[in-house]
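Chains as they are written, first to last, in my numbering: chain W, 1 to 300; chain B, 1001 to 1332.
To start, the structure under review is shown below, and the notes come after it.
Here is the structure:
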């Protein structure tokens, strides 16, 4: 039982990271109807931005709370800017093109970031320094809960709740929902669609940057190709919860994280990548709109 | 007419045998390998074009079908085929004939199993469209890969080594031509019109009495069959298979060929398969920047020519003639 609880804790911590990445997918998909394949690679760039920020601030030797927050914000900022550049440079010219074209362009951007990453950062894995020293908060009855896991869960919940409030309560959030509902009608109502799309990209990418630093805390190995699999799985998580739906992305991310950790714990680590897709196919077959998505008939 | 056709086929086969005899002796092995890979990529691109381009479904799981075909046929030749060679030789007199019979049956077996997988993957297309179908096929492709990774009889994570090297230029060109001819004829038949109608407007097609589900699954099955054959050729050429060759990046490479060649243009797919097999080799001169430039070319091509090189059009000698004729008419 204690082993199961331990796996559950690890799964929730891992799932909250998927959830953060999934939010970026879900937001972009909501406004643009585009699977932003480059999102996973934005997350990778976030990890490296954090890595160099730690070096630059000299935090590896003496970790401080302020330093950790600074690294966090720097990484989110870098990712936000990158998201903006990608949207303006690669996706904006294709607003009127068929969706497949935009998808292939997204794949191109993803390949570009991966290969440019290998060129700039080097292909070998790097070790993300411990910016917050590891301590056990609870360690009894065979269960270990570290302060890092608490931080991961706390920070991601905080970000998700603030995002939800932003989307539901602010004017920009309202405009975002309007654009995702009907782009033409929104622009007729005086909403600057391009601006909203850019804001969405910046927000989503910043969340990927946050996820990258949280991953750096618990799984410190970073490399230029680290974004591919988490990227796809986070998209699966978004679909699982109901795409375009923020609480859905959180739920989907948690389910994915827990399922994956359980499979690694009780079956075999080689099936780790298969479980995500097996869940996805089952969901698509039985409830294509996702767990929290409304009924829309066939998904177009 | 029938007689003429047979003569034509015999002439083509004779030509392929001649090519198969002379080219490997005259060409350096590096270029020869690229030539083989071009052939295999053409099979993959044209078969995926049937699903993505002509039927308008969006599959990113082609590498999965390829893996099934490759591993099945390799399993067959490795465990049964090799032991059958002596006994078959005593019946068919020539060892090469026996090997060919075994190889072709292995490929067809691989293709059939891949087609079966296509049937299974095709069924969700009853419910899913667009991006959802794309992500589901991606999932199927990855599941197939992970399952193969866990089968010890085909090497698992070590990879499947010592596959007999039966693939030669003749078989690659033969199956390449077969794929192109079958899919071209299929598209120009009554069935082909049905495929196109599903792509153009599914609701209208259904209203006209076309069983859209049937045609979607049909496209998946045929496309998967040829992808399986391509996988078999690939495995028996490299004599080694590893699941890392069949990740979703492989599927994406094939999609890039289809989209940049023009969705719905067979000649476009062929040209794009040639270009995108040669381009990464060509870019070896720039060393480390190779893949960066490759991806930049992809983005720029997509931004400047989103409909692909040929769009929906087919390239033929008639097109060239038409261009000249039109110019003359303008001059008059």
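Ideal placement from N, C-alpha and C gives every residue a C-beta, glycine not left out.
Its chain contains 135 and 137 as the residues whose beta carbon lies nearer than 6 Å to that of residue 147 (chain W), once the 5 sequence neighbours on both sides are disregarded; these appear in chain order.
When the alpha-carbon of residue 237 (chain W) is set against those of W:213, W:20 and W:5, the nearest one is in W:20. Put simply, of B:1066, B:1226 and B:1082 the residue whose alpha carbon is nearest the alpha carbon of residue 1247 (chain B) is B:1066. The beta-carbon distance between residue 1298 (chain B) and residue 108 (chain W), rounded to whole angstroms, is 4 Å. This is short enough to meet the 8 Å contact definition. Within the segment 104-121 of chain W, contact with chain B at the beta-carbon level (separation under 7 Å) is assigned to 104, 105, 107, 108, 109, 111, 112, 115, 116 and 119. Annotation: Cβ neighbours of residue 235 (chain W) in chain B (cutoff 7 Å, chain order): 1135. For residue 221 (chain W), the secondary structure class from DSSP, reduced to helix, strand or coil, is strand.
When the Cα atoms are used, residue 200 (chain W) and residue 155 (chain W) turn out to be separated by approximately 20 Å. For residue 1131 (chain B), the uninterrupted alpha helix (DSSP H) run begins and ends at 1130-1149, by DSSP. For residue 205 (chain W), the CB contacts under 7 Å within the same chain, skipping 5 residues up- and downstream, are 24, 42, 79, 80, 82 and 83 in chain order. Taking the beta carbon of residue 1120 (chain B) as reference, no residue of chain W falls within 8 Å; the closest one sits roughly 10 Å away. When the beta-carbon positions are compared, residue 168 (chain W) and residue 241 (chain W) stay at least 9 Å from each other. At a Cβ-Cβ threshold of 9 Å, residue 1224 (chain B) and residue 1114 (chain B) count as neighbours. Among the bridge pairs identified by DSSP, residue 126 (chain W) is matched with W:222.
Beta-bridge partners assigned by DSSP to residue 1241 (chain B): B:1160. Per DSSP, residue 120 (chain W) is one residue of the alpha helix (DSSP H) stretching across 99-121.
Of B:1102, B:1064 and B:1052, the smallest CA-CA separation from residue 1073 (chain B) is found for B:1102. For residue 143 (chain W), the enclosing beta strand (DSSP E) starts and ends at 143-146. Residue 1061 (chain B) sits close to residue 1137 (chain B), with the two beta carbons spaced by under 9 Å. Taking 9 Å as the CB threshold, residue 101 (chain W) lines the interface with chain B. The Cβ neighbour count for residue 1193 (chain B), taken over all protein chains shown within 10 Å, is under 16; the residue is labelled exposed.
Listed along chain W, the residues sitting closer than 9 Å to residue 1142 (chain B) by beta-carbon distance are 232, 273, 274, 276 and 277.
From the beta-carbon of residue 1292 (chain B), the residues of chain W found nearer than 8 Å are 112, 115, 116 and 119. Judged by beta-carbon spacing, residue 54 (chain W) lies beyond the 9 Å limit of residue 28 (chain W), meaning their Cβ atoms are not closer than that value. Between residue 143 (chain W) and residue 59 (chain W), the C-beta gap is not smaller than 9 Å, which leaves the two residues out of contact.
Around the beta carbon of residue 1253 (chain B), 16 or more other beta carbons sit within 10 angstroms, so the residue counts as buried. Around residue 1231 (chain B), no beta-carbon contact reaches into chain W at under 9 Å, the shortest distance being about 19 Å. DSSP places residue 136 (chain W) inside the beta strand (DSSP E), whose first and last residues are 136-140. Taking all protein chains shown into account, residue 1162 (chain B) has fewer than 16 neighbouring C-beta atoms within 10 Å of its C-beta and is therefore exposed. With its beta carbon at least 9 Å from every one in chain W, residue 1114 (chain B) lies outside the interface.
Under the three-state reduction of DSSP output, residue 1166 (chain B) falls in the coil class, being neither helix nor strand.
The segment 1021-1040 of chain B makes no contact with the segment 1186-1200 of chain B; the number of CB pairs closer than 8 Å stays below 3. The beta carbon of residue 1259 (chain B) is closer than 7 Å to those of 1308 in its chain, skipping five residues each way along the sequence. Between the segment 120-128 of chain W and the segment 59-68 of chain W there are fewer than three inter-stretch CB-CB distances shorter than 8 Å, so the stretches are not counted as touching. Listed along the chain, the chain B residues whose CB falls inside 9 Å of the CB of residue 255 (chain W) amount to none; the nearest CB is some 15 Å away. Listed along chain B are 1132 and 1135, each with a C-beta nearer than 8 Å to that of residue 239 (chain W).
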